[in-house]
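Engineer: Position in the sequence shown (first residue = 1) + 1333 = my numbering.
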Amino acid sequence: MGTRRIIVVGAGYAGLLAALRARRVLHAQVTLVSDSPRFVDRIRLHEHLARGADVATPVAQWLGGSGVEHVVGRAIAVDGSSLVLHDGSTLAFDHLLLALGSEGHPAPAGTRPVSLDSRADVARALASGGRIAVVGAGTTGIEVAAELAELEGASVTLVASVLAGELSPRARAHVARYFARQGAELRLGTRVRSAAPDHLETDRGPVPFDLCLWTAGFRAARPLAGLDVELDPMGRILVGPDLRLPGRPDVQVIGDAGVPTGMATVPRPGCKSAMPLAAHAIDVLAGASGPFRWRDAMTCLSLGRRDGVIQALRADGAFGPTLTGRPAAWVKERVARYVLWSLAAERDDRFAYRWLRGPAGRPAALEAASAGVR
Ligand SMILES: Cc1cc2nc3c(=O)[nH]c(=O)nc-3n(C[C@H](O)[C@H](O)[C@H](O)COP(=O)(O)OP(=O)(O)OC[C@H]3O[C@@H](n4cnc5c(N)ncnc54)[C@H](O)[C@@H]3O)c2cc1C
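Okay, here's the thing in structure tokens:
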């Protein structure tokens, strides 16, 4: 194939996998551009903020020996066949992969997003009363609140409209029991009206806090200037089944930043779809035919260090069996390890990342995409 210079923007799961696979399969000149010298293992961020788990490692460590070049800089625009960085420098490409990722909805003033800095926020909160409010009870909010609820001196309140809307009633009941055992308070059916520096105003009364972590909502990263893009309601860039941007066959969007249209199953954002999207994008460049196919087989949730929920999903999207407790925590840990292992294996040419493919099926309407991370 004729692609010589490939640029990948964003060194999260999707960007790293795409860069390593492109180098291995296409033997092209590959440059990975990222706004940080570190790769953040985001699916363990809750372990970091509660216990200081080491989740930020040098990108160079993941690229070591692969031949992929790493440039640290923030990409701001695409100008023809050049990528423009924040310092005004440009990088020419034959093919561009955008793996810009996502963030939570902006945390309102007075609250904090879940990030690498959250560890310091938690330490400060524990020193000044220990009342931690977590807003949003999707999978991220639950994992964050569950991890914090196990900390000595923490008093956690989870504030949300519903608990784990994407889990079966049995799984939800298990999550509720877990929080009850930890002495955490669930304020469900609750809408946040506003946030002050020390409390939330909700339609069910105030929730005082020493720290409020905001996990409600999902927003894809802002697209680069100079590209004509259409976005879905979550801010994801719409691309074709080959993950190419309409009108720009030399640009693909992968990971949380994009969403292919015309699929039988619309991928939900999450590491579990970000990596398949990245692998498929490179397979397309290597000549693979057929649209992106993906099947959401399960939702994996850790509840602290010794508990969890694995919610199997059937091919038609219905709930399958539910695994809970220590066996679920064990499975979740293996899934998280598989993610990093497969990046290293791709780099070392030991293994090509694989995923469960769904049926080609009838194209689904985009509106079928369900909101929420994972
Ligand atoms: C606490 C927590 C737990 C989670 N657990 C799970 C889980 O169990 N399973 C699951 O499937 N998902 C989980 N997720 C979601 C998962 O982390 C994301 O879906 C995943 O990180 C998306 O991968 P990505 O490569 O698309 O983007 P990201 O990991 O967000 O990486 C994008 C990278 O691009 C960089 N970047 C962005 N814009 C630019 C630019 N203009 N120039 C240069 N660099 C740029 C960013 O700094 C970032 O490093 C969890 C998330 C959180 C917060």
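Glycine included, each C-beta is placed from N, C-alpha and C at the ideal position.
None of the values given here were measured: they were computed from a predicted structure.
Would you tell me roughly how many angstroms separate the C-alpha atoms of A1347 and G1591, rounded to the nearest one?
Structural biologist: Cα to Cα, the separation comes out at about 11 Å.
Engineer: Can you give me the C-alpha to C-alpha distance between E1679 and S1461, rounded to a whole angstrom?
Structural biologist: Computed Cα separation, rounded: 45 Å.
Engineer: Report yes or no: do three or more beta-carbon pairs, one from the stretch 1536-1555 and one from the stretch 1515-1526, lie closer than 8 Å?
Structural biologist: In short, these stretches touch, since the Cβ pair count reaches three.
Engineer: Flag I1465 as yes when its Cβ comes closer than 7 Å to any non-hydrogen atom of ligand 1, and as no otherwise.
Structural biologist: Answer for I1465: no, Cβ out of range of ligand 1.
Engineer: If you draw a straight line from the alpha carbon of R1354 to that of T1390, how long is it in whole angstroms?
Structural biologist: When rounded, the distance between both Cα atoms is 20 Å.
Engineer: Kindly indicate which three-state DSSP category T1632 falls into: helix, strand or coil?
Structural biologist: Looking at T1632 - three-state DSSP - the assignment turns out to be strand.
Engineer: When the Cα of A1549 is compared with those of L1618, I1475, Q1585, which residue comes out closest?
Structural biologist: The shortest Cα separation from A1549 among L1618, I1475, Q1585 belongs to I1475.
Engineer: Touch check for the stretch 1580-1600 and the stretch 1418-1436: three-plus C-beta pairs under 8 Å?
Structural biologist: Output reads yes: the stretch 1418-1436 touches the stretch 1580-1600.
Engineer: Within 10 Å of its beta-carbon, does D1450 have 16 or more other beta-carbons around it, so buried, or fewer, so exposed?
Structural biologist: The residue in question, D1450, is exposed, as its Cβ has fewer than 16 Cβ neighbours within 10 Å.
Engineer: Just to check, is the beta-carbon of L1378 closer than 7 Å to a non-hydrogen atom of ligand 1?
Structural biologist: For ligand 1, at least one heavy atom lies less than 7 Å from the Cβ of L1378.
Engineer: In chain order, which continuous runs of the alpha helix (DSSP H) of length 4 or greater are located wholly inside the stretch 1617-1686?
Structural biologist: List check, alpha helix (DSSP H) in window: 1658-1680.
Engineer: Less than 8 Å between CB atoms is the rule here; does T1390 satisfy it with respect to chain C?
Structural biologist: Of the protein chains in the structure, only one exists, and it is not chain C.
Engineer: Quick one, which of L1544, W1395, G1573, H1403 has its alpha-carbon nearest G1463's?
Structural biologist: Considering only alpha carbons, the answer is L1544.
Engineer: Drop a sphere of 10 angstroms on the beta-carbon of A1611, count the other beta-carbons inside from all chains shown, and report buried for 16 or more, exposed for fewer.
Structural biologist: Buried, since its Cβ has 16 or more Cβ neighbours within 10 Å.
Engineer: Measure the Cβ-Cβ separation of S1367 and V1392 and say whether it is below 8 Å.
Structural biologist: Yes; because the gap between Cβ atoms is below 8 Å, this pair is in contact.
Engineer: In its own chain, which residues sit with a C-beta less than 7 Å from the C-beta of G1434, not counting the 5 before and 5 after it?
Structural biologist: Same-chain partners within the cutoff: G1343, G1345, A1554, G1588, D1589, A1590.
Engineer: Pair every Cβ in the stretch 1487-1506 with every Cβ in the stretch 1649-1662, then say whether three or more of these pairs are closer than 8 Å.
Structural biologist: The stretch 1487-1506, when compared against the stretch 1649-1662, does touch it at the 8 Å Cβ threshold.
Engineer: May I ask which residues mark the beginning and end of the alpha helix (DSSP H) holding W1395?
Structural biologist: Run containing W1395: 1392-1396, per the alpha helix (DSSP H) assignment.
Engineer: Does the distance between the C-beta of P1439 and the nearest non-hydrogen atom of ligand 3 fall short of 7 Å?
Structural biologist: Absence of ligand 3 is noted for the structure shown, with ligand 1 being the only ligands found.
Engineer: Taking the continuous alpha helix (DSSP H) assigned at I1475, which residues delimit it?
Structural biologist: It spans 1472-1482 - the alpha helix (DSSP H) in which I1475 sits, taken as one unbroken run.
Engineer: When you compare each of A1456, G1568, W1688, P1541 to R1552 by their alpha carbons, which one comes out closest?
Structural biologist: For R1552, the nearest C-alpha among the options comes from G1568.
Engineer: Which word fits R1577, buried or exposed, when buried means at least 16 other C-beta atoms lie within 10 angstroms of its C-beta?
Structural biologist: Its Cβ being crowded by 16 or more others within 10 Å, R1577 is buried.
Engineer: Taking the beta carbon of D1561 as the centre, do at least 16 other beta carbons fall within 10 Å, making it buried, or is it exposed?
Structural biologist: Looking at its Cβ environment, which holds fewer than 16 other Cβ atoms inside 10 Å, D1561 is exposed.
Engineer: What is the DSSP secondary structure of H1360, reduced to helix, strand or coil?
Structural biologist: DSSP places H1360 in coil when its eight states are reduced to three.
Engineer: May I have the straight-line CA-CA distance separating G1469 from D1640, to the nearest angstrom?
Structural biologist: Taking the straight line from one Cα to the other gives about 20 Å.
Engineer: Grouping DSSP H, G and I as helix and E and B as strand, with all else coil, what is R1354?
Structural biologist: In the structure shown, R1354 sits in a helix (DSSP, three-state: H, G or I).
Engineer: Residues in its own chain within less than 6 Å of R1375 by CB, not counting five upstream and five downstream?
Structural biologist: Cβ neighbours of R1375 beyond the five flanking positions: none.
Engineer: In chain order, what residues of the same chain have a beta carbon less than 7 Å from the beta carbon of P1556, not counting five sequence neighbours either side?
Structural biologist: Answer for P1556: V1562, I1570, listed in chain order.
Engineer: Which residues in the same chain have their Cβ closer than 7 Å to the Cβ of Q1515, if we skip the five residues on either side of it in sequence?
Structural biologist: The residues are A1482, E1483.
Engineer: For E1476, verify whether its CB is less than 7 Å away from any heavy atom of ligand 1.
Structural biologist: Yes; taking the cut-off as 7 Å, the Cβ of E1476 has a heavy atom of ligand 1 nearer than that.
Engineer: May I ask whether a heavy atom of ligand 1 can be found less than 7 Å away from the beta carbon of T1473?
Structural biologist: Yes, since a heavy atom of ligand 1 falls inside the 7 Å radius drawn around the Cβ of T1473.
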